[in-house]
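Protein chains in written order, with UniProt numbering: chain A, 1 to 234; chain B, 1 to 234.
Worksheet: one structure, shown below.
Number of protein chains: 2
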Amino acid sequence: MSKKGRLYGVGIGPGDPELLTLKALRLLQAAPVIAYQSATDKESIARKIIAPYLSGNQIEVLYHLPRALEPEKAQSIYDREVEPIAAHLEAGRDVVVVCEGDPFFYGSFMYVFTRLSEKYETEVVPGVSSLMACPVALGVPFTYYNDVLTVLPAPLPAEELISQLLTTDAAAIMKIGRHFTKVRDILHQLGLASRALYIERATMAQQRIVPLDEVDPAEVPYFAMIIIPSKSRL
Amino acid sequence: MSKKGRLYGVGIGPGDPELLTLKALRLLQAAPVIAYQSATDKESIARKIIAPYLSGNQIEVLYHLPRALEPEKAQSIYDREVEPIAAHLEAGRDVVVVCEGDPFFYGSFMYVFTRLSEKYETEVVPGVSSLMACPVALGVPFTYYNDVLTVLPAPLPAEELISQLLTTDAAAIMKIGRHFTKVRDILHQLGLASRALYIERATMAQQRIVPLDEVDPAEVPYFAMIIIPSKSRL
Numbered sequence: 001m002s003k004k005g006r007l008y009g010v011g012i013g014p015g016d017p018e019l020l021t022l023k024a025l026r027l028l029q030a031a032p033v034i035a036y037q038s039a040t041d042k043e044s045i046a047r048k049i050i051a052p053y054l055s056g057n058q059i060e061v062l063y064h065l066p067r068a069l070e071p072e073k074a075q076s077i078y079d080r081e082v083e084p085i086a087a088h089l090e091a092g093r094d095v096v097v098v099c100e101g102d103p104f105f106y107g108s109f110m111y112v113f114t115r116l117s118e119k120y121e122t123e124v125v126p127g128v129s130s131l132m133a134c135p136v137a138l139g140v141p142f143t144y145y146n147d148v149l150t151v152l153p154a155p156l157p158a159e160e161l162i163s164q165l166l167t168t169d170a171a172a173i174m175k176i177g178r179h180f181t182k183v184r185d186i187l188h189q190l191g192l193a194s195r196a197l198y199i200e201r202a203t204m205a206q207q208r209i210v211p212l213d214e215v216d217p218a219e220v221p222y223f224a225m226i227i228i229p230s231k232s233r234l
Numbered sequence: 001m002s003k004k005g006r007l008y009g010v011g012i013g014p015g016d017p018e019l020l021t022l023k024a025l026r027l028l029q030a031a032p033v034i035a036y037q038s039a040t041d042k043e044s045i046a047r048k049i050i051a052p053y054l055s056g057n058q059i060e061v062l063y064h065l066p067r068a069l070e071p072e073k074a075q076s077i078y079d080r081e082v083e084p085i086a087a088h089l090e091a092g093r094d095v096v097v098v099c100e101g102d103p104f105f106y107g108s109f110m111y112v113f114t115r116l117s118e119k120y121e122t123e124v125v126p127g128v129s130s131l132m133a134c135p136v137a138l139g140v141p142f143t144y145y146n147d148v149l150t151v152l153p154a155p156l157p158a159e160e161l162i163s164q165l166l167t168t169d170a171a172a173i174m175k176i177g178r179h180f181t182k183v184r185d186i187l188h189q190l191g192l193a194s195r196a197l198y199i200e201r202a203t204m205a206q207q208r209i210v211p212l213d214e215v216d217p218a219e220v221p222y223f224a225m226i227i228i229p230s231k232s233r234l
């Protein structure tokens with residue numbers, strides 16, 4: 001019986017290819033099979049990040065994880081999409097699944113992990129998250145000392161966002177997309193708009209920083225974040 | 001008049017030297033001056049992380065940021081400790097200040113940033129945070145989909161920790177140290193102890209994972225974290 005392949009879930013950071021870790025690069029370049037996801041039928045962002053490091057001699061696998069689906073409804077799609085990865089592992093080939101940001105922090109790799117990690121030897125490598133890259137790109141220290149930090153996905157109901165924002169020192173609101181207007185209105189209502197900083201596609205070539213009230217709600221991408229840095233000072 | 005040096009604040013990740021980013025390594029190796037902090041008079045952890053990459057031909061600057069001080073009381077100490085860094089910048093030498101984890105996420109670099117970034121050209125490079133490294137080292141997906149995540153420093157009062165833990169999907173409790181018993185008792189009180197995972201010095205050679213109720217409170221280091229992963233499933 002032949003040996004099964006090893007599964008790697010590798011964080012590749014927020015967008016700048018130079019923000020890969022040394023470990024991510026080593027594993028990526030050694031793997032016979034590289035897998036990456038796309039949320040749409042368009043180009044895979046993860047593929048774009050690692051493009052400078054691909055030799056052209058590796059097998060590449062694209063899998064789709066549609067973003068709009070409720071997780072409960074999407075089980076059969078996810079089950080099907082990880083099948084090509086499982087097939088390579090079954091055939092004894094190691095597979096490096098690359099993942100924007102960090103694999104276990106709202107990461108697309110978790111859909112693969114929950115389905116395959118019990119069956120195949122698995123190693124996960126943390127990456128630089130957009131949660132760290134956005135404050136750095138904005139040039140603002142984010143959390144100090146004994147601050148409480150709350151990370152909030154923008155699709156949450158307004159009441160939930162409000163109660164969380166009222167009880168924290170610093171916040172990151174992620175996955176803004178079509179929820180921008182709701183979030184902006186809440187920030188004004190709570191007196192937080194003057195502290196809130198908006199950024200799109202941090203560290204990517206298309207990075208944009210726009211004052212909150214000048215953002216066009218129709219043009220806000222999924223990879224937009226609003227950072228409310230701590231008021232503490234050192 | 002000679003040109004002033006450029007200040008870099010560079011995240012070097014949670015402990016494993018292979019979790020430096022490619023950008024961190026490039027800047028580190030090019031700099032004439034490397035600065036790192038120590039919270040005690042003992043060895044600098046940051047110095048230990050970057051040791052494999054030092055040529056021996058660089059000027060090294062150690063600065064102290066005592067951890068136990070209230071930030072308000074410590075201003076004069078911090079002002080004094082950044083002086084040697086400022087002197088190198090003034091003399092036209094670039095200085096790379098390396099910082100465990102990420103520079104703007106509870107990072108020691110912020111004490112330097114707030115004092116020197118208006119006077120010297122400054123670039124900050126994000127790093128892999130222990131917030132991402134701990135769940136990966138524990139092997140547990142941390143946050144999914146629309147989860148709320150709360151980051152809580154353990155020195156906070158018990159009532160604050162309790163109210164935050166009651167209203168979040170996932171949590172990280174950082175800087176455990178001598179606050180372990182308080183935190184463990186709260187987790188039992190809230191029925192969270194069975195989900196809570198304890199880890200010390202994630203990704204370092206001395207990494208230890210211990211069941212919560214087997215931890216010796218007298219031996220808990222500052223760099224210990226308790227992770228409460230989301231209950232969501234994909």
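Glycine included, C-beta positions come from ideal geometry on N, C-alpha and C.
Quick caveat, the model's predicted, so the values are computed rather than measured.
Fill in: Backbone CA spacing between B:Y144 and A:A172 [nearest angstrom]
On the second sequence, position 144 is the one that residue 144 of chain B refers to. On the first sequence, position 172 is the one that residue 172 of chain A refers to. Each residue's alpha carbon lies about 15 angstroms from the other.
Worksheet item: Sorted by chain position, which residues of the same chain lie with C-beta nearer than 6 angstroms to B:V124's C-beta, five sequence neighbours on each side aside?
Response: Indexing the second sequence from 1 puts residue 124 of chain B at position 124. Within the same chain, B:V124 has close Cβ partners G9 and P103.
Discussion item. What would DSSP say about B:Y111, mapped onto helix, strand or coil?
Written reply: Here residue 111 of chain B corresponds to residue number 111 of the second sequence, with the count starting at 1. Looking at B:Y111 - three-state DSSP - the assignment turns out to be helix.
Worksheet item: Pick from B:I50, B:A35 and B:K48: whose alpha carbon is nearest that of B:V82?
Response: Residue 82 of chain B sits at position 82 when you count from the first residue of the second sequence. Here the closest residue by C-alpha is B:A35.
Fill in: Best match in B:C99, B:Q58, B:L89 and B:N57 for proximity to B:L65 [C-alpha to C-alpha]
Numbered from its first residue, the second sequence carries residue 65 of chain B at position 65. Measuring from the Cα of B:L65, the nearest candidate turns out to be B:C99.
Discussion item. Taking the alpha carbon of B:G229 as the reference point, which residue from B:V148, B:A86 and B:G15 has its own alpha carbon closest?
Written reply: Mapped onto the second sequence, residue 229 of chain B falls at position 229. First, the amino acid is wrong: residue 229 of chain B is Pro here, not Gly. Of the candidates B:V148, B:A86 and B:G15, the one whose C-alpha sits nearest the C-alpha of B:P229 is B:V148.
Item to complete: Reducing DSSP to helix, strand and coil, say where A:Y106 ends up.
Response: To locate residue 106 of chain A, count along the first sequence from 1; it is residue 106. Correct three-state label for A:Y106: coil.
Worksheet item: Assuming A:L165 contacts A:L190 under a Cβ cut-off of 8 angstroms, what Cβ separation, rounded to an integer in Å, is found between them?
Response: In the first sequence, residue 165 of chain A corresponds to position 165, counting from 1. In the first sequence, residue 190 of chain A corresponds to position 190, counting from 1. 6 angstroms between Cβ atoms; contact.
Worksheet entry | Which of helix, strand or coil DSSP assigns to A:P221 | Working through the first sequence from its first residue, we reach residue 221 of chain A at position 221. In this structure, A:P221 counts as coil in the three-state DSSP scheme.
Discussion item. If contacts are defined as beta-carbon pairs under 8 angstroms, then A:L7 and A:L89 qualify, I think. What distance do you get, rounded to the angstrom?
Written reply: As a working mapping, residue 7 of chain A is identified with position 7 in the first sequence. As a working mapping, residue 89 of chain A is identified with position 89 in the first sequence. Right, the Cβ-Cβ distance comes to about 6 angstroms (below 8 angstroms), so this counts as a contact.
Worksheet item: Which residues of chain A have a Cβ atom closer than 7 angstroms to the Cβ of B:N146, listed in chain order?
Response: Locating residue 146 of chain B in the second sequence gives position 146, where the first residue counts as 1. Within 7 angstroms Cβ-Cβ: P153, P155 and L156.
Fill in: Start-end ranges of the beta strand (DSSP E) lying completely within the stretch 131-215 of chain A, minimum 3 residues
149-153, 170-174, 197-200 and 208-210
Discussion item. Below 8 angstroms, how does it come out for the stretch 167-181 of chain A and the stretch 216-229 of chain A: are there three or more Cβ pairs, yes or no?
Written reply: yes
Worksheet item: Residues of chain B with a CB under 8 angstroms from the CB of A:A133: which are they?
Response: Working through the first sequence from its first residue, we reach residue 133 of chain A at position 133. Within chain B, the residues near A:A133 are P126.
Worksheet entry | Start-to-end residues for the alpha helix (DSSP H) that takes in B:Y53 | If you number the second sequence from 1, residue 53 of chain B lands on position 53. Unbroken run through B:Y53: none, as it is neither H nor E.
Fill in: Buried or exposed by the 16-neighbour rule on C-beta atoms within 10 Å, applied to A:A137
Reading the first sequence from its first residue, position 137 is the one you call residue 137 of chain A. Classification for A:A137: buried.
Fill in: Assigned secondary structure, A:S129 (DSSP; H/G/I helix, E/B strand, else coil)
Locating residue 129 of chain A in the first sequence gives position 129, where the first residue counts as 1. It is coil, neither helix nor strand.
Worksheet item: A:P211 touches chain B at which residues, Cβ-Cβ below 7 angstroms?
Response: The residue you call residue 211 of chain A lines up with position 211 of the first sequence. Under the 7 angstroms cutoff, chain B gives no residues; its nearest Cβ is about 20 angstroms from A:P211.
Worksheet item: How should B:L54 be labelled, buried or exposed, when 16 other C-beta atoms within 10 angstroms of its C-beta is the threshold for buried?
Response: Position 54 of the second sequence holds residue 54 of chain B. Answer is exposed; the Cβ neighbour count stays below 16.
Item to complete: Answer yes or no: do A:T150 and B:T150 have a C-beta to C-beta separation smaller than 8 angstroms?
Response: By 1-based counting over the first sequence, the position of residue 150 of chain A is 150. By 1-based counting over the second sequence, the position of residue 150 of chain B is 150. Going by C-beta atoms, A:T150 is nearer than 8 angstroms to B:T150.
Worksheet entry | Members of the stretch 76-107 of chain B near chain A, C-beta cut-off 9 angstroms | Y78, G101, D102, P103, F104, F105, Y106 and G107
Worksheet item: Can you tell me whether B:S129 is buried or exposed, with buried defined as 16 or more other CB within 10 angstroms of its CB?
Response: Against the second sequence, residue 129 of chain B aligns to sequence position 129. The residue in question, B:S129, is buried, as its Cβ has 16 or more Cβ neighbours within 10 Å.
Worksheet item: Given that A:T40 touches chain B, what residues does it touch there, using C-beta distances under 9 angstroms?
Response: Sequence index remark: in the first sequence, residue 40 of chain A carries index 40 (1-based). Near A:T40 there are no residues of chain B at all, since even the closest Cβ is about 18 angstroms away, more than 9 angstroms.
Worksheet item: Since A:Y36 is in the alpha helix (DSSP H), which residue starts that stretch and which ends it?
Response: Against the first sequence, residue 36 of chain A aligns to sequence position 36. Run containing A:Y36: none in the alpha helix (DSSP H); it sits in the beta strand (DSSP E), V33 to S38.
Worksheet item: CB-CB under 7 angstroms to B:A46, same chain, minus the five flanking residues each way: which ones, in chain order?
Response: On the second sequence, residue 46 of chain B is found 46 positions in, with the first residue counted as 1. So the qualifying residues of the chain are I12, Y36, Q37, V98, C99 and E100.
Discussion item. So B:C134 and B:I199 are supposed to be a Cβ contact under 8 angstroms. How far apart are they, rounded?
Written reply: Against the second sequence, residue 134 of chain B aligns to sequence position 134. Against the second sequence, residue 199 of chain B aligns to sequence position 199. Contact flag correct, Cβ pair sits at about 5 angstroms.
Worksheet item: In the structure shown, what three-state DSSP assignment does B:E18 receive?
Response: Locating residue 18 of chain B in the second sequence gives position 18, counting from the first residue. B:E18 falls in the helix class under three-state DSSP.
Practice prompt. Identify every residue that forms a DSSP beta bridge with A:V82.
Written response: By 1-based counting over the first sequence, the position of residue 82 of chain A is 82. Answer by DSSP bridge pairing: none, since A:V82 is not bridged.
Worksheet item: Does DSSP put A:I12 in a helix, in a strand, or in coil?
Response: Counted from its first residue, the first sequence places residue 12 of chain A at position 12. A:I12: coil per DSSP, three-state reduction.
Practice prompt. Can you pull the chain D residues whose beta carbon is under 8 angstroms from the beta carbon of A:F180, in chain order?
Written response: Within the model displayed, chain D is absent; protein chains A and B are what it includes.
Worksheet item: In chain order, what residues of the same chain lie with their CB nearer than 6 angstroms to the CB of B:A74, ignoring the 5 residues before and after it?
Response: Locating residue 74 of chain B in the second sequence gives position 74, where the first residue counts as 1. The answer is none, since no qualifying residue turns up.
Worksheet item: When you compare only the Cα positions, how much space is there between B:Q29 and B:I162?
Response: Within the second sequence, residue 29 of chain B is the residue found at index 29, counting from 1. Within the second sequence, residue 162 of chain B is the residue found at index 162, counting from 1. Approximately 45 angstroms between the Cα atoms of the pair.
Discussion item. Is it buried or exposed, A:S194, if we count other Cβ atoms within 10 angstroms and call 16 or more buried?
Written reply: Sequence index remark: in the first sequence, residue 194 of chain A carries index 194 (1-based). Flag for A:S194 reads exposed.
Discussion item. Using DSSP's beta-bridge definition, name the partner residues of A:G5.
Written reply: Counted from its first residue, the first sequence places residue 5 of chain A at position 5. BP columns for A:G5 are empty, so no partner.
Discussion item. Please classify B:R80 as buried or exposed, where buried requires at least 16 neighbouring CB atoms within 10 angstroms.
Written reply: Against the second sequence, residue 80 of chain B aligns to sequence position 80. When all chains shown are included, B:R80 counts as exposed.
Practice prompt. Measure the Cβ-Cβ separation of A:P14 and B:M110 and say whether it is below 8 angstroms.
Written response: As a position in the first sequence, residue 14 of chain A is number 14, starting the count at 1. As a position in the second sequence, residue 110 of chain B is number 110, starting the count at 1. No, Cβ-Cβ distance for A:P14 and B:M110 is not below 8 angstroms.
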